[in-house]
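The letter at position 158 of the sequence shown is residue 1245 when you use my numbering, and the numbering goes up by one with no holes.
For every residue, glycine included, the Cβ atom is placed at its ideal position computed from N, Cα and C.
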Amino acid sequence: MKIGNLNINGFLFSAPLAGISDSIFRRVCRRYGASATFSEMVSVAGLGHSDNKTMKYIKFGEEERPIGIQLFGSDPELVLKGLETALRVQPDFIDFNLGCPVKKVVKQGAGGALLRQPQLATRIMAVLVKNSPIPVTAKLRSGWDSDSIIFPELSRRLQDVGVAAIVIHPRTVIQGFSSRPDRKLVGDTVRFLSIPLIYSGDIWSAEDARKSLDETGASGLMIGRAAMGDPHIFRRIKSYLQDGNLLAEPSPLQKLDMMLDYFHLTIDFYGALKGIKIMRKFIVWYTRGLSGNSQLRQEVFHLDNYDSILSKLSAYRENFTNQKMAKTL
Ligand SMILES: Cc1cc2nc3c(=O)[nH]c(=O)nc-3n(C[C@H](O)[C@H](O)[C@H](O)COP(=O)(O)O)c2cc1C
């Protein structure tokens, strides 16, 4: 698909996930078949000061391309400064957050709060489009609450100011993650937009992906929570959508090998101290549904030494090779 003048080889996107979709996550999603990636949301205020912590959020490797850096904020001047800093690392497109329900963000008038201020949201997007040499996209929820569904009208306005594509997670800010995403609303909106629309929400399997495309008519799909601990979902979706071939989910042993790869990449990138902390949540996700996972957590989570964690993870993996052998005998 195309986003403005950017050609993307495919239409599966890894989602922006605060605290999760870092460089490693994006790299791994790309390896398993994501067509493009999004950074987690980055504060324009932090970028304006070029503070070290914020600058780390926008670092990426070539393997993660095509990549969009997602910005959030509410002051057009700060947004412009943030844009200038983000452009220095040469991403492929810029995305802006118009949907985050997190209190800390909403309190600043940013993220989902901007859905209550459509004029300001449109002005910010116009500033981005005017000053960005690369395509600009926006990621929306459907509205602040069920009485103020603004996504269709706001999308039209954003298209008019030159936004190149819209990502929609069709729940309201107030809904958080409760109830179902409103795919019909997306289908109704796709019909009158000429820019591509990327659908995000509750895609947990290849069949969900098929259904989401059929029900919305979207040009692209975005995968978030399902890829946490299961990046292989991109491969399954791709295969199913391309030729109807439903691949099996990875076996426990394959999952643990994927986890060990993730562990090594994370430690290489962040160093042991930070890498071990980050890895804890991924250990939970990669071992979801596997027998003995809670004991593994108990054994590993109090350790802060690379070698001892690696030896516990390897021993846990070994149980599954034995199980596999027992099955084949
Ligand atoms: C832990 C977490 C962090 C998220 N962070 C962001 C973010 O930084 N920016 C954003 O636009 N959406 C964010 N989202 C929303 C996702 O990008 C996505 O739209 C939503 O989770 C629905 O898709 P899913 O059902 O595939 O997870 C986040 C969601 C979760 C669960």
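Subject >> Those residues, in chain order, that have a beta-carbon closer than 5 Å to some heavy atom of ligand 1 >> reply: This selection yields 1102, 1103, 1104, 1105, 1127, 1128, 1184, 1226, 1256, 1287, 1288, 1289, 1311, 1312.
Original post:
Taking the beta strand (DSSP E) that residue 1327 falls in, what are its first and last residues?
Top reply: Position 240 of the sequence shown, counting from 1, holds the residue named residue 1327. Taken as a continuous stretch (DSSP letters only), residue 1327 belongs to no beta strand (DSSP E), being part of the alpha helix (DSSP H) at 1320-1330.
**OP:** Using only alpha-carbon positions, find the residue among 1227, 1234, 1232 that is nearest to residue 1241.
**Re:** The residue you call residue 1241 lines up with position 154 of the sequence shown. Out of 1227, 1234, 1232, 1227 has the C-alpha closest to the C-alpha of residue 1241.
Subject >> Span separating the alpha-carbon of residue 1401 from that of residue 1347 >> reply: In the sequence shown, residue 1401 corresponds to position 314, counting from 1. In the sequence shown, residue 1347 corresponds to position 260, counting from 1. CA-to-CA, the gap between residue 1401 and residue 1347 works out to about 8 Å.
**OP:** Would you kindly report the start and end of the unbroken alpha helix (DSSP H) that includes residue 1135?
**Re:** If you number the sequence shown from 1, residue 1135 lands on position 48. Residues 1131-1135.
**OP:** May I ask you to list the residues that DSSP assigns as paired with residue 1309?
**Re:** Locating residue 1309 in the sequence shown gives position 222, where the first residue counts as 1. 1100, 1287.
**OP:** Taking only the alpha-carbon atoms, compute the straight-line gap between residue 1303 and residue 1131 and give it to the nearest angstrom.
**Re:** As a working mapping, residue 1303 is identified with position 216 in the sequence shown. As a working mapping, residue 1131 is identified with position 44 in the sequence shown. For residue 1303 and residue 1131, the gap between their C-alpha atoms comes out near 32 Å.
Original post:
Leaving out the 5 sequence neighbours to the left and right, which residues in its chain are closer than 8 Å to residue 1349 when beta-carbon positions are compared?
Top reply: On the sequence shown, position 262 is the one that residue 1349 refers to. Contacts found: 1111, 1115, 1366, 1369, 1373.
Original post:
How long is the line joining the alpha carbons of residue 1092 and residue 1281, rounded to whole angstroms?
Top reply: Taking the first residue of the sequence shown as 1, we reach residue 1092 at position 5. Taking the first residue of the sequence shown as 1, we reach residue 1281 at position 194. Their backbone Cα atoms lie some 14 Å apart in a straight line.
**OP:** Going by CA-CA distance only, name the one from 1123, 1090, 1094, 1145 that's closest to residue 1106.
**Re:** Counted from its first residue, the sequence shown places residue 1106 at position 19. Residue 1106 has its Cα closest to that of 1145, out of 1123, 1090, 1094, 1145.
Subject >> Among 1276, 1316, 1193, the one whose alpha carbon lies nearest that of residue 1263 >> reply: In the sequence shown, residue 1263 corresponds to position 176, counting from 1. Per the Cα distances, 1193.
Subject >> Identity of the residue in 1089, 1200, 1129 nearest residue 1174 by Cα >> reply: Locating residue 1174 in the sequence shown gives position 87, where the first residue counts as 1. If you compare the alpha carbons of 1089, 1200, 1129 with that of residue 1174, the shortest gap goes to 1129.
**OP:** Could you check if residue 1410 is buried or exposed, using at least 16 other CB atoms within 10 Å of its CB as the buried criterion?
**Re:** Residue 1410 sits at position 323 when you count from the first residue of the sequence shown. Under this definition residue 1410 is an exposed residue.
**OP:** Provide the residue span of the alpha helix (DSSP H) that contains residue 1139, from first to last.
**Re:** Residue 1139 sits at position 52 when you count from the first residue of the sequence shown. Under the DSSP assignment, residue 1139 falls in the alpha helix (DSSP H) whose first and last residues are 1139-1144.
Original post:
Helix, strand or coil: how does DSSP classify residue 1396 here?
Top reply: Reading the sequence shown from its first residue, position 309 is the one you call residue 1396. If DSSP states are grouped into helix, strand and coil, residue 1396 belongs with the helices.
**OP:** Output the boundary residues of the alpha helix (DSSP H) element that contains residue 1356.
**Re:** Taking the sequence shown and counting its residues from 1, one reaches residue 1356 at position 269. 1339-1357 is the extent of the alpha helix (DSSP H) around residue 1356.
Original post:
So who's on the other strand from residue 1156, going by DSSP bridges?
Top reply: Residue numbering aside, residue 1156 sits at position 69 when the sequence shown is read from its first letter. DSSP lists 1181 as partners of residue 1156.
Original post:
Beta-carbon separation of residue 1326 and residue 1311 under 8 Å?
Top reply: In the sequence shown, residue 1326 corresponds to position 239, counting from 1. In the sequence shown, residue 1311 corresponds to position 224, counting from 1. Cβ distance not < 8 Å, so residue 1326 and residue 1311 don't count as in contact.
Original post:
Using a Cβ-Cβ cut-off of 7 Å (strictly less than) and excluding sequence neighbours within five positions of residue 1216, which residues of its own chain qualify?
Top reply: Residue 1216 sits at position 129 when you count from the first residue of the sequence shown. So the qualifying residues of the chain are 1223, 1248, 1249, 1250.
**OP:** Tell me residue 1228's beta-bridge partners as DSSP assigns them.
**Re:** As a working note, residue 1228 is residue 141 in the sequence shown. Residue 1228 pairs with 1256.
Subject >> Inter-stretch contact at 8 Å, needing at least 3 Cβ pairs: the segment 1289-1298 / the segment 1315-1333 >> reply: Result yes; three or more Cβ-Cβ pairs closer than 8 Å.
Original post:
Over what stretch of residues does the alpha helix (DSSP H) that includes residue 1385 continue unbroken?
Top reply: Working through the sequence shown from its first residue, we reach residue 1385 at position 298. Per DSSP, the unbroken alpha helix (DSSP H) holding residue 1385 starts and ends at 1380-1387.
**OP:** Return the CA-CA distance between residue 1196 and residue 1337, expressed in angstroms with no decimal places.
**Re:** Here residue 1196 is taken as the residue at index 109 of the sequence shown, counted from 1. Here residue 1337 is taken as the residue at index 250 of the sequence shown, counted from 1. Computed Cα separation, rounded: 42 Å.
Subject >> Whole-number beta carbon distance between residue 1178 and residue 1155, since they are thought to touch under 8 Å >> reply: For the purposes of this step, residue 1155 is identified with residue 68 of the sequence shown, where counting begins at 1. For the purposes of this step, residue 1178 is identified with residue 91 of the sequence shown, where counting begins at 1. Indeed, because the Cβ distance is near 6 Å, the residues count as touching under 8 Å.
Original post:
Relative to the alpha-carbon of residue 1119, which residue among 1352, 1169, 1320 has its alpha-carbon at the smallest distance?
Top reply: Stepping through the sequence shown from its first residue, residue 1119 is reached at position 32. Of 1352, 1169, 1320, the residue nearest in Cα terms is 1320.
**OP:** Label residue 1398 either buried or exposed according to how many other C-beta atoms from any shown protein chain fall within 10 Å of its C-beta, with 16 as the threshold for buried.
**Re:** On the sequence shown, position 311 is the one that residue 1398 refers to. Residue 1398 counts as exposed, since fewer than 16 other beta carbons sit within 10 angstroms of its beta carbon.
Subject >> When 1169, 1143, 1272 are compared against residue 1236, the one with the closest alpha-carbon >> reply: What you label residue 1236 is simply residue 149 of the sequence shown in a count that begins at 1. Nearest C-alpha to residue 1236: 1272.
**OP:** Compare the C-beta of residue 1395 with all C-beta atoms of chain C and state if any pair is closer than 8 Å.
**Re:** You won't find chain C in this structure, because it holds only one protein chain.
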